[in-house]
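Beneath this line is the structure, given in structure tokens, with notes to follow.
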Amino acid sequence: MRMLISGNIACAEGALRAGCRFYAGYPITPSSEIMEYMAMELPKHGGIFFQAEDEIAAINAIIGASWGGLKSMTATSGPGFSLMQEGLGYAVMTETPLVVIDVMRVGPATGQATKSAQGDLMQARWGRHGDQQVVILAPSSPQECLDLTVKAFNISEELRVPVIVLSDEIIGHMRETVEIPEHFNIVNRKITEDLSKPPFHSDNPMEAPPMPLIGKGLNIMVTGSTHNEWGLRDTREFKTHFKLVKRLVEKIKLNAKRVFEYEEYNIENSTIGFVSFGSVARSVKGAVKILREKGVEASYINLKTLWPIIDNPIVKMAERVKAIIVPEMNMGQLVLDVERIAQNKCLVVSLNKVGGGEPIYPSEIASKALEVIG
Amino acid sequence: MRDHFAVKYLRVELLPTSFCPGCGNGTVMNAFLKALEELGYENLKEFVFVSGIGCSSWIPNPYFKADSIHTLHGRAIPVALGLKLARPELNVVVIAGDGDLASIGLEHLIHAARRNADLLVLMVNNMIYGMTGGQQAPTTPIGFETSTTPYGNIEKPFDTCAVVAAAGANYSARWTIAHFHRLKESIKKAMGKRGFRFIEVVSPCTSHIVRKLKLPVSTYIRQLREKSILINTGGRGEITIGEYADRDEEGFVSRVYEYINRVRGC
Numbered sequence: 058m059r060m061l062i063s064g065n066i067a068c069a070e071g072a073l074r075a076g077c078r079f080y081a082g083y084p085i086t087p088s089s090e091i092m093e094y095m096a097m098e099l100p101k102h103g104g105i106f107f108q109a110e111d112e113i114a115a116i117n118a119i120i121g122a123s124w125g126g127l128k129s130m131t132a133t134s135g136p137g138f139s140l141m142q143e144g145l146g147y148a149v150m151t152e153t154p155l156v157v158i159d160v161m162r163v164g165p166a167t168g169q170a171t172k173s174a175q176g177d178l179m180q181a182r183w184g185r186h187g188d189q190q191v192v193i194l195a196p197s198s199p200q201e202c203l204d205l206t207v208k209a210f211n212i213s214e215e216l217r218v219p220v221i222v223l224s225d226e227i228i229g230h231m232r233e234t235v236e237i238p239e240h241f242n243i244v245n246r247k248i249t250e251d252l253s254k255p256p257f258h259s260d261n262p263m264e265a266p267p268m269p270l271i272g273k274g275l276n277i278m279v280t281g282s283t284h285n286e287w288g289l290r291d292t293r294e295f296k297t298h299f300k301l302v303k304r305l306v307e308k309i310k311l312n313a314k315r316v317f318e319y320e321e322y323n324i325e326n327s328t329i330g331f332v333s334f335g336s337v338a339r340s341v342k343g344a345v346k347i348l349r350e351k352g353v354e355a356s357y358i359n360l361k362t363l364w365p366i367i368d369n370p371i372v373k374m375a376e377r378v379k380a381i382i383v384p385e386m387n388m389g390q391l392v393l394d395v396e397r398i399a400q401n402k403c404l405v406v407s408l409n410k411v412g413g414g415e416p417i418y419p420s421e422i423a424s425k426a427l428e429v430i431g
Numbered sequence: 006m007r008d009h010f011a012v013k014y015l016r017v018e019l020l021p022t023s024f025c026p027g028c029g030n031g032t033v034m035n036a037f038l039k040a041l042e043e044l045g046y047e048n049l050k051e052f053v054f055v056s057g058i059g060c061s062s063w064i065p066n067p068y069f070k071a072d073s074i075h076t077l078h079g080r081a082i083p084v085a086l087g088l089k090l091a092r093p094e095l096n097v098v099v100i101a102g103d104g105d106l107a108s109i110g111l112e113h114l115i116h117a118a119r120r121n122a123d124l125l126v127l128m129v130n131n132m133i134y135g136m137t138g139g140q141q142a143p144t145t146p147i148g149f150e151t152s153t154t155p156y157g158n159i160e161k162p163f164d165t166c167a168v169v170a171a172a173g174a175n176y177s178a179r180w181t182i183a184h185f186h187r188l189k190e191s192i193k194k195a196m197g198k199r200g201f202r203f204i205e206v207v208s209p210c211t212s213h214i215v216r217k218l219k220l221p222v223s224t225y226i227r228q229l230r231e232k233s234i235l236i237n238t239g240g241r242g243e244i245t246i247g248e249y250a251d252r253d254e255e256g257f258v259s260r261v262y263e264y265i266n267r268v269r270g271c
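Heads up: the sequence lines are chains Y and V, in that order. Here the first sequence is numbered in this note's numbering, starting from 58 and rising by one per residue. Here the second sequence is numbered in this note's numbering, starting from 6 and rising by one per residue.
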């Protein structure tokens, strides 16, 4: 089936098709269409829509619903995403599957509520206190909004970790034809009623333990405090804490290869490379065309997974080109990763522009490239 | 101890509890579990307990032999409501303190009351932040010396039961741990009701209040009773006890499911 829909609606469609049956949220521009669509559609599927009193209540309500056994999600934008951070940390600590869609807008604070930006990348990765990792996916078209939201649910259910879909206002409000397949590859959560094995431990560090649901008479203890493998709070011992956070962090790192997704365009003799994500990745493709017309060959990497990142594609690019340009609708966030990965193998140049809903135009990216290669 | 009625509801291997000697949490546990026993519950399988952060939030997690979710500070109610919406057949009970429910989580408390969300909430009010070292709470009486009001509290405390009743809860009541029988009967009554049910239990913090007053705990508990005045007698004592609301309106969760059924045309 083909539909002409916006990125926000595509996210909501993806969620419904992935089996999401609980949505809690609070209105916020530019993500509200996701909430309104879920309010319209979820009841038809027997799912529950809950408009919370704020984003803190929203994230905590989906945590409760997820422990009740429902695939659960919320959607928000910058300020609301900030309010959800403590809850996200709780979901990491308690291994609660859930999906959060952040349709980025200009910040900090209220910023420019209706205008696109990419300033939440580091917040998505590091917004919680303590040691934690989550999975972050970044669509650059309505089609990817659908596909990556389905993927977000699958990873979340499989690894028992919150997954963040980092969209932006341009992608969220852009309408394009989206191909909706008849059948999706859907991963359902592994649940257990066998408590002879500890519910917060896995022998295989790549796997999340199967989830014991609440309300089955299993006497499960869930806590955001450091807990042992049976869920019993232990706020004193080094060993208990280190074992727990090590497992939670490694669960993400060891699955990086399976989670990491990117699109690349490689030209052997290119002198310039681009690394970008989201709406900016679309401008990069335009810039590559402009440069070719001027006789300059360029390569690009469009990251669809912003965490965990596999270094290799960027390393290869750094070995080949004179410079990598990282255009972003922020003051320089993804560039920090590219600098880290490129390790001085080539010049890494930041191209920043944010505010007023101004996209980074292909011509601006091409000009920057010509300036860099001289 | 093996013959104590509450053994069947507790993780006895974790006893004694880590509560301070003289803490009211033991009496709250006792009253709650006694109420369940008198209602005929053999175990806690039908129940899920959701708590926040604070001393009283440790009552169900880890001591109750039941499913329990020990949430972030102030967030027990939204977690409990998400769970109850997902699993309406479960009996979801929140146990948390005054700092948790009446300060950092107050917004959730008022909105849950407004929605008449089908939850039973037990607020153990020790009038102070006990776990963090005795700081002023929104329930601390005027004049009390706490570690953040060293020259006496100048803020008026919340009448949480009145707030909850005004917001639309089906049931709102206050007792103290010196009113064991009334408290237990109130819990039993609330168990049999639908919608949002809120019971506040005024309880001593021996480490941060009773110690500062240089009183034996028994004297403090006796004073709790002496200072209490029943709401329907017209008088208002230092501690007003009794039922602030007792209604029987449809709860939020059944309304949500009726709505879904209406949309689906069934």
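Backbone N, C-alpha and C fix where the C-beta goes; we use that ideal spot for every residue, glycine too.
Closer than 9 Å at the beta carbon, the chain V residues around residue i
| i | result |
| --- | --- |
| residue 290 of chain Y | 63, 66, 67, 75 |
| residue 276 of chain Y | 16, 49, 50, 69, 70, 71, 72, 73 |
| residue 79 of chain Y | 87, 90, 91 |
Secondary structure of residue i, DSSP reduced to three states
| i | result |
| --- | --- |
| residue 384 of chain Y | strand |
| residue 88 of chain V | helix |
| residue 201 of chain V | coil |
| residue 77 of chain Y | strand |
| residue 271 of chain Y | coil |
| residue 248 of chain V | strand |
| residue 59 of chain Y | strand |
| residue 44 of chain V | coil |
| residue 80 of chain V | coil |
| residue 239 of chain V | coil |
| residue 103 of chain V | helix |
| residue 175 of chain Y | coil |
| residue 280 of chain Y | strand |
| residue 180 of chain V | strand |
| residue 230 of chain V | helix |
| residue 292 of chain Y | coil |
Residue i: contacting residues in chain Y (beta-carbon distance under 7 Å)
| i | result |
| --- | --- |
| residue 260 of chain V | Under the 7 Å cutoff, chain Y gives no residues; its nearest Cβ is about 12 Å from residue 260 of chain V. |
| residue 86 of chain V | 118, 121 |
| residue 252 of chain V | Ordered by position in chain Y, no residue passes the 7 Å Cβ test against residue 252 of chain V, which lies about 21 Å from the chain. |
| residue 187 of chain V | Within chain Y, no residue comes near residue 187 of chain V; the closest Cβ sits about 31 Å away, beyond 7 Å. |
CB contact below 8 Å: residue i versus chain V
| i | result |
| --- | --- |
| residue 82 of chain Y | no |
| residue 434 of chain Y | Here chain Y comprises residues numbered 58 to 431, so residue 434 of chain Y is not present and cannot be evaluated. |
| residue 159 of chain Y | no |
| residue 210 of chain Y | no |
| residue 280 of chain Y | yes |
| residue 272 of chain Y | yes |
| residue 76 of chain Y | no |
| residue 148 of chain Y | no |
| residue 114 of chain Y | yes |
Chain V contact residues for residue i, given Cβ-Cβ distances below 8 Å
| i | result |
| --- | --- |
| residue 137 of chain Y | Going along chain V, no residue has its Cβ under 8 Å from residue 137 of chain Y, so there is no contact; the nearest lies around 14 Å. |
| residue 188 of chain Y | Here the premise fails: no neighbours, minimum Cβ distance about 17 Å. |
| residue 94 of chain Y | Ordered by position in chain V, no residue passes the 8 Å Cβ test against residue 94 of chain Y, which lies about 14 Å from the chain. |
| residue 105 of chain Y | 90, 91, 261, 265 |
| residue 127 of chain Y | 91 |
Neighbour list for residue i in chain Y, Cβ cutoff strictly below 8 Å
| i | result |
| --- | --- |
| residue 264 of chain V | 100 |
| residue 268 of chain V | 100, 101 |
CB contact check: residue i to chain Y, cutoff 8 Å
| i | result |
| --- | --- |
| residue 53 of chain V | yes |
| residue 83 of chain V | yes |
| residue 230 of chain V | no |
| residue 80 of chain V | yes |
Residues that residue i contacts on chain V, provided the C-beta gap is smaller than 7 Å
| i | result |
| --- | --- |
| residue 111 of chain Y | 112 |
| residue 124 of chain Y | 74, 88 |
| residue 143 of chain Y | 77 |
*List in chain order: all unbroken beta strand (DSSP E) runs of 3+ residues lying wholly within the stretch 111 to 171 of chain Y.*
128 to 133, 155 to 163
*Residues of the stretch 85 to 117 of chain V whose Cβ lies closer than 7 Å to any Cβ of chain Y, in chain order*: 85, 86, 87, 88, 90, 91, 92, 95, 112, 113, 116
*Which parts of the stretch 196 to 239 of chain Y are runs of the alpha helix (DSSP H), unbroken and 4 residues or longer, counting only runs that do not cross its ends?*
199 to 216, 226 to 230
*asked:* Going residue by residue through the stretch 307 to 375 of chain Y, where are the continuous alpha helix (DSSP H) segments of at least 4 residues, counting only ones entirely within it?
replied: 313 to 316, 335 to 350
*Between the stretch 315 to 326 of chain Y and chain V, which residues of the former have CB atoms less than 7 Å from a CB of the latter, in chain order?*
none
*Taking only runs of the alpha helix (DSSP H) that begin and end inside the stretch 127 to 173 of chain V, which ones reach a length of at least 4 residues, in chain order?*
165 to 172
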